[in-house]
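Below: one structure, written as structure tokens.
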Amino acid sequence: MHDFLEIVGLSIGVSLTATALAAAIGMPTGAALAMFSFRGRRLAVVLINAFFGLPPVVVGLVLYLAFSRSGPLGFLELLFTPAAMVIAQTVLAMPIIAALVHRAAERAWARYGDELICDGASRLQAIPQILHIIRADLITATLAGFGRTVSEVGAVILVGGNIRGLTRTMTTTIALQTSQGELPLALALGAVLVGISISISATVFAFAGSASTAGGDEVR
Amino acid sequence: MKLRLILALVVAVTAIRSGSATEQSIVLASTTSVEASGLLANILPQFTAKTGIAVNVVAEGTGKAMDTARRGDADLLLVHDPDAEQQFISEGHGATRRQIAWNDFVIVGPSADPAHVRGGNDGVVALKTIASAQAPFVARGDNSGTSAAELRLWKIAGQTPDTLNKEKWYRDIGGGMGQALNAASAMDAYTLSDRGTWLSFNNKGSLVIVVEGDPRLINRYDVIELNPQRHAGAKLGIAKVFADWLVSSEGQQAIGAFQIAGHRLFNPSAESPK
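So, in structure tokens, the structure goes:
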């Protein structure tokens, strides 16, 4: 039971941290991509949308080689630690959040951009205002990012190593239990994981949903 | 506000990170069987309680475990492929190798036994019979110790990976022992398993042991300390404390005491290596 709580705690802790980091980077990036025009913007937009489907196992492998003691970032001693798992999941969730935010920010910027600039705000200063206008979409984007992080196994098992008591998450436990032929246990843990995803989503909507639908509707 | 959030996160990540770094710990790259069977989970608390050293086990199959050590990402190795171990040492990566335990490989298959090999004790004859009956056989194909043992046996039976992979009945799943057993159970196939994983495996379906007792099926587990000249960054000092404990009378006793349903899974053999 202690093991179980530790595993659930680590899963949620790593995924929430990664989602928060991905949101902190992805939201301003998505908004900026909608508001600034510069060379290579189209390419950047294509790329973040393409990285929606970044295979976790590939992200895991690249970071594994980078964090290896013989790799370029080996001196950080991050391989087989929860921090490496947070980084891997941040890389996975960031494009999802940035792409969804970009889509919403593009609409908001087309509608309110001129007004904001007329009010004397620079484009950089307008980023928080645009994000405020599309706050309902930010919730969807963040939950999509969280869904990606909490459910993936390919990246965390490579950079985390599935070490008992240190880097073992719910998804890597399910993989391990399946390999031990403990199928009912694996399935039960899978159900717990789905339950947690549902409760987090429900909690977010309970707190933020009603307050921000107005902003979202205005844009559409 | 956002800045404060980021700062808090950085602090949180650093806290997670240092939590693992302040205590003494080593990374043990190991074969999957010592982890999946429950052996390490059973004996490690004893060692950690005594020494305060945490052993972080990355279980990934002998071939990959050695690669992890070659890259410098492990402090100690626990594996079971004598030929590959010899190569690892002659490449200059490994310093000392000591046997800690042995058990054996068994050929398991569906109780209906379509190839009629059940009850035998000659692994090579069994493989030849399975091949001529073209009965499904699940192969690990993952460069693990068990995969190497299986291919050695096939070689004596006159088959190479090239000839085998052309056969429809030979199913290379490229996965761990548990995955291979799950697959064999699902497709009523034969496969070679280490006895430890087999005994602790819980989805046997109709699978039973069909062949055991061939001296060529012996399975040796060795702990390998790394060469300090090649792996100066590894925590070799505390790794040695653990390696020494494994072959000490206390460690050997812990290994021998590990049982599942009355069966001993690993026979301690540091005193008289097999």
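As they're listed, the protein sequences go chains A and B.
Going by my numbering, the first sequence opens with residue 87, and the numbers climb by one from there.
Going by my numbering, the second sequence opens with residue 105, and the numbers climb by one from there.
Glycine residues also receive a C-beta, built at the ideal position from the N, C-alpha and C atoms.
These numbers were taken from a predicted model, which means no experiment stands behind them.
Got a sec: is the Cβ-Cβ distance from residue i to anything in chain A below 9 Å?
{"i": "B/Asn-286", "result": "yes"}
{"i": "B/Phe-151", "result": "no"}
{"i": "B/Arg-175", "result": "yes"}
{"i": "B/Gln-283", "result": "yes"}
{"i": "B/Ala-252", "result": "no"}
{"i": "B/Ala-145", "result": "yes"}
{"i": "B/Asn-331", "result": "no"}
{"i": "B/Ser-289", "result": "yes"}
{"i": "B/Ala-163", "result": "yes"}
{"i": "B/Ala-140", "result": "yes"}
{"i": "B/Thr-136", "result": "yes"}
{"i": "B/Val-131", "result": "yes"}
{"i": "B/Gly-198", "result": "no"}
{"i": "B/Ala-338", "result": "yes"}
{"i": "B/Ala-158", "result": "yes"}
{"i": "B/Gly-280", "result": "yes"}
Buried or exposed for residue i, please, with buried defined as at least 16 other CB atoms from any protein chain shown within 10 angstroms of its CB.
{"i": "A/Gly-58", "result": "Since the first residue shown for chain A is 87 and the last is 306, residue 58 of chain A is missing from the structure and cannot be characterised."}
{"i": "B/Asn-286", "result": "buried"}
{"i": "B/Arg-275", "result": "buried"}
{"i": "B/Thr-267", "result": "exposed"}
{"i": "B/Gly-197", "result": "Just to set this straight, residue 197 of chain B is His in the shown sequence, not Gly. Buried."}
{"i": "B/Asn-306", "result": "exposed"}
{"i": "B/Ser-215", "result": "exposed"}
{"i": "B/Met-291", "result": "exposed"}
{"i": "A/Thr-289", "result": "exposed"}
{"i": "A/Phe-161", "result": "exposed"}
{"i": "A/Val-144", "result": "exposed"}
{"i": "A/Val-172", "result": "buried"}
{"i": "B/Met-105", "result": "With a pLDDT of 48 at B/Met-105, under the threshold of 50, the predicted position of this residue should be treated as unreliable, and no value is reported."}
{"i": "A/Ile-284", "result": "exposed"}
{"i": "B/Thr-126", "result": "Below a pLDDT of 50, predicted positions are generally treated as unreliable, and B/Thr-126, at 46, falls in that range; the measurement from the model is reported next regardless. By the neighbour-count rule (16 or more Cβ atoms within 10 Å), B/Thr-126 is not buried but exposed."}
{"i": "B/Ile-260", "result": "exposed"}
{"i": "B/Glu-139", "result": "buried"}
{"i": "B/Asn-269", "result": "exposed"}
{"i": "A/Asp-200", "result": "exposed"}
{"i": "A/Ser-97", "result": "buried"}
{"i": "A/Pro-158", "result": "exposed"}
{"i": "A/Asp-89", "result": "exposed"}
Taking 9 Å as the CB-CB cut-off, is residue i touching chain B?
{"i": "A/Glu-268", "result": "yes"}
{"i": "A/Gly-160", "result": "yes"}
{"i": "A/Thr-264", "result": "yes"}
{"i": "A/Phe-232", "result": "no"}
{"i": "A/Arg-221", "result": "no"}
{"i": "A/Gly-247", "result": "yes"}
{"i": "A/Phe-166", "result": "yes"}
{"i": "A/Arg-250", "result": "yes"}
{"i": "A/Gly-146", "result": "no"}
{"i": "A/Arg-209", "result": "no"}
{"i": "A/Arg-155", "result": "yes"}
{"i": "A/Thr-289", "result": "no"}
Pull up the DSSP beta-bridge partners for residue i, would you.
{"i": "B/Ala-133", "result": "B/Val-162 and B/Leu-181"}
{"i": "B/Val-210", "result": "B/Ser-297"}
{"i": "B/Asn-371", "result": "B/Trp-206"}
{"i": "B/Val-312", "result": "B/Gly-213"}
{"i": "B/Gly-198", "result": "B/Leu-330"}
{"i": "B/Gly-224", "result": "B/Val-315"}
Grab the span of the beta strand (DSSP E) containing residue i for me, first residue to last.
{"i": "A/Ile-216", "result": "Careful: A/Ile-216 lies outside any beta strand (DSSP E), inside the alpha helix (DSSP H) at 209 to 219."}
{"i": "B/Arg-256", "result": "Not the beta strand (DSSP E): B/Arg-256 falls in the alpha helix (DSSP H), residues 249 to 260."}
{"i": "B/Ala-365", "result": "First-last for B/Ala-365: undefined, no H or E at that position."}
{"i": "B/Asp-326", "result": "322 to 330"}
{"i": "B/Ala-243", "result": "241 to 243"}
Considering just the uninterrupted stretch of the alpha helix (DSSP H) at residue i, what are its terminal residues?
{"i": "B/Asp-187", "result": "186 to 194"}
{"i": "B/Asp-379", "result": "No information on residue 379 of chain B is available, as it lies outside the stretch 105 to 378 that chain B covers here."}
{"i": "A/Ile-183", "result": "168 to 204"}
{"i": "B/Ala-153", "result": "143 to 155"}
{"i": "A/Ser-97", "result": "88 to 121"}
{"i": "B/Lys-344", "result": "340 to 351"}
{"i": "A/Arg-128", "result": "127 to 136"}
{"i": "A/Pro-270", "result": "269 to 290"}
{"i": "B/Gly-280", "result": "From DSSP, B/Gly-280 is part of no alpha helix (DSSP H); its letter is neither H nor E."}
{"i": "B/Asp-246", "result": "Here B/Asp-246 belongs to no alpha helix (DSSP H), and DSSP marks it neither H nor E."}
{"i": "B/Asp-266", "result": "265 to 269"}
{"i": "A/Leu-147", "result": "142 to 153"}
Along the stretch 304 to 326 of chain B, where does the CB come closer than 8 Å to a CB of chain E? Name the residues.
Absence of chain E from the displayed structure is noted, the protein chains being A and B.
What are the uninterrupted segments assigned as alpha helix (DSSP H) that are 4 or more residues long and contained completely in the stretch 215 to 258 of chain A, given in chain order?
221 to 237 and 240 to 246
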